[in-house]
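Those letters in the sequence shown? Residues 112 to 496, by the numbering used here. Even glycine gets a Cβ: it sits at the ideal position worked out from N, Cα and C.
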Amino acid sequence: MDIDIIKKQFRDKFGDFGGELYTSPGRVNLIGEHTDYNGGFVFPGAIDKGMVAVIRKNGTGKVRAWSVDLQDYAEFTMEESDLPKASWARYIFGVCREIIKRGGNPGGFDTAFAGDVPMGAGMSSSAALESTYAFALNDMFFLGIDKFELARIGQATEHNYVGVKCGIMDQFASLFGKEGNLIRLDTRSMEYKYFPFHPQGYKLVLFDTAVKHELASSAYNKRRESCENATRIVRENGHPEVEFLRDVSMDMLYAVKEKLPAEDFKRAGYVIGETTRVLAVSDALERDDYETVGHMMYRTHYGMRDLYEVSCPELDFLNDIAKECGVTGSRVMGGGFGGCTINLVKEHLYGGFLIKAKEQFARRFGHKPKVYDVVISDGARRISQ
Ligand code: GLA
112 MDIDIIKKQF RDKFGDFGGE LYTSPGRVNL IGEHTDYNGG FVFPGAIDKG
162 MVAVIRKNGT GKVRAWSVDL QDYAEFTMEE SDLPKASWAR YIFGVCREII
212 KRGGNPGGFD TAFAGDVPMG AGMSSSAALE STYAFALNDM FFLGIDKFEL
262 ARIGQATEHN YVGVKCGIMD QFASLFGKEG NLIRLDTRSM EYKYFPFHPQ
312 GYKLVLFDTA VKHELASSAY NKRRESCENA TRIVRENGHP EVEFLRDVSM
362 DMLYAVKEKL PAEDFKRAGY VIGETTRVLA VSDALERDDY ETVGHMMYRT
412 HYGMRDLYEV SCPELDFLND IAKECGVTGS RVMGGGFGGC TINLVKEHLY
462 GGFLIKAKEQ FARRFGHKPK VYDVVISDGA RRISQ
């Protein structure tokens with residue numbers, strides 16, 4: 112990303128530069144999908160693509176914001192009633208509001224920002240945006256908020272100003288990312304552990320279908336409701352100790368099968384399986400056993416396709432090709448309904464996989480998938496100028 116363009120456009124809009132530069136990345140997730148709002152484990156890492164913002168205090172109560180990518184301007188106060196119309200501006204507004212709700216007092220600022228996380232590709236461009244501003248405002252206005260709470264501020268922005276009832280994974284990864292490391296996070300206790308990830312002889316690559324589904328956020332929220340419903344039914348039927356779906360075993364789920372809508376039963380079955388797969392992957396990583404990691408990734412894909420039903424023909428097609436090419440692990444990444452597959456592939460198979468996937472996908476769907484090498488990078492930070 113060209114930071115000079117952001118600086119130049121900031122100057123053009125707001126006069127002299129004199130601002131601070133902040134950045135926060137998107138993320139990948141090795142495994143642990145749709146577990147984060149079920150108190151389960153996830154395994155993300157920050158990537159080398161993200162959002163960059165120039166921010167300068169303006170001494171007023173107003174935010175004046177310029178989106179370099181969209182060439183769009185918004186201006187708003189931080190009053191609840193001043194919700195901006197532009198959806199991109201709501202992320203910044205939401206972060207300000209959530210800070211204020213927690214007793215923080217950010218002053219007004221001028222800002223220009225741009226990003227190179229592809230939108231809708233399942234790499235969390237929105238968490239990158241939220242985390243950039245949460246981190247930056249905390250730093251610039253000396254608010255003293257810790258990084259866990261900054262992640263919750265981003266998450267609450269999604270809940271309250273965007274309408275997606277997401278978990279904490281994306282914002283956490285964007286803030287806590289560390290170069291060369293994946294992070295296993297327990298989303299209930301918020302305990303986390305860095306796992307250096309340098310799989311010798313393998314590459315981790317993303318294939319982006321460029322499919323975006325309009326209804327993804329309502330379908331996402333519906334999945335979450337199914338999980339909460341299943342959890343509640345188990346709790347009310349002899350298991351008062353159950354807090355999240357993470358606490359539910361397959362046996363416990365089967366015991367209430369007749370009391371649950373078939374759809375909720377399927378969704379819950381996927382999440383219970385996924386929770387055990389994340390733990391199997393973290394054990395396998397301790398032994399450098401990438402075959403097991405890959406096997407679990409395929410199982411996650413099948414679960415997301417058949418039980419959670421968040422895949423799509425384009426993603427399934429790429430997954431099938433990966434399997435045919437002998438790719439070690441492949442699956443839909445992130446919330447689903449389009450976006451990317453994440454692939455763990457032996458280096459010597461990579462070239463053949465790439466050619467076959469691009470050609471066959473283009474023949475079937477009329478365009479080539481985009482390919483991104485995963486470079487696991489640091490989380491939110493101020494950039495020196
Ligand atoms: C989206 C959400 C996350 C998580 C994933 C699925 O990225 O923002 O909280 O639920 O989907 O794992």
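Check: residue i C-beta below 7 Å from any heavy atom of the ligand GLA
i	result
residue 350	no
residue 324	no
residue 445	yes
residue 144	yes
residue 242	no
residue 281	yes
residue 235	yes
residue 338	no
residue 218	no
residue 500	In this structure the chain extends from 112 to 496, so residue 500 is not present and cannot be described.
Proximity to residue i [Cα-Cα], best of the options
i	options	result
residue 290	297, 463 and 156	156
residue 484	243, 340, 470 and 452	452
residue 309	351, 400, 280 and 347	400
residue 241	263, 371, 476 and 376	263
residue 430	372, 402, 122 and 468	468
residue 313	307, 460, 120 and 386	460
Start and end residues, beta strand (DSSP E) containing residue i
i	result
residue 440	440-443
residue 131	131-140
residue 494	492-494
residue 188	183-188
residue 320	313-323
residue 295	292-297
residue 310	Here residue 310 belongs to no beta strand (DSSP E), and DSSP marks it neither H nor E.
C-alpha distance - residue i paired with residue j, whole-angstrom precision
i	j	result
residue 288	residue 282	10 Å
residue 492	residue 163	10 Å
residue 302	residue 271	25 Å
residue 174	residue 212	17 Å
residue 249	residue 229	26 Å
residue 295	residue 246	22 Å
residue 186	residue 260	26 Å
residue 473	residue 466	11 Å
residue 438	residue 463	10 Å
residue 168	residue 253	13 Å
residue 423	residue 130	43 Å
residue 204	residue 374	36 Å
residue 258	residue 277	18 Å
residue 226	residue 237	10 Å
residue 351	residue 273	33 Å
residue 417	residue 338	16 Å
residue 159	residue 370	46 Å
residue 342	residue 184	44 Å
residue 360	residue 379	10 Å
residue 139	residue 145	14 Å
residue 151	residue 297	6 Å
residue 126	residue 304	44 Å
residue 201	residue 182	16 Å
residue 495	residue 132	7 Å
residue 447	residue 348	32 Å
residue 397	residue 405	14 Å
residue 357	residue 385	10 Å
residue 215	residue 366	47 Å
residue 190	residue 177	19 Å
residue 143	residue 284	13 Å
Span of the alpha helix (DSSP H), counted from its first residue to its last, around residue i
i	result
residue 228	Element bounds for residue 228: n/a, residue is neither H nor E.
residue 338	327-347
residue 148	Neither: residue 148 is in no alpha helix (DSSP H) and is coded neither H nor E.
residue 117	114-125
residue 532	With the chain covering 112 to 496 only, the question about residue 532 has no answer from this structure.
residue 287	280-287
residue 363	361-366
Residue-level contact to chain E via CB, residue i, 8 Å cutoff
i	result
residue 227	This model lacks chain E altogether, as it is built from one protein chain only.
Contact test: residue i Cβ vs the ligand ATP heavy atom, cutoff 7 Å
i	result
residue 148	Ligands displayed in this structure: the ligand GLA; the ligand ATP is not among them.
Item to check | alpha helix (DSSP H) segments (min. 4 residues) lying fully within the region 229-273 | outcome: 236-251 and 258-268
Next on the checklist: Please give the ranges of any alpha helix (DSSP H) in the region 412-484, keeping only runs that are unbroken, at least 4 residues long and fully inside the region.
Outcome noted: 424-435 and 458-476, all fully within the region 412-484.
Checklist entry - Which runs of the alpha helix (DSSP H), 4 residues or longer, sit entirely within the region 154-216? => result 198-212
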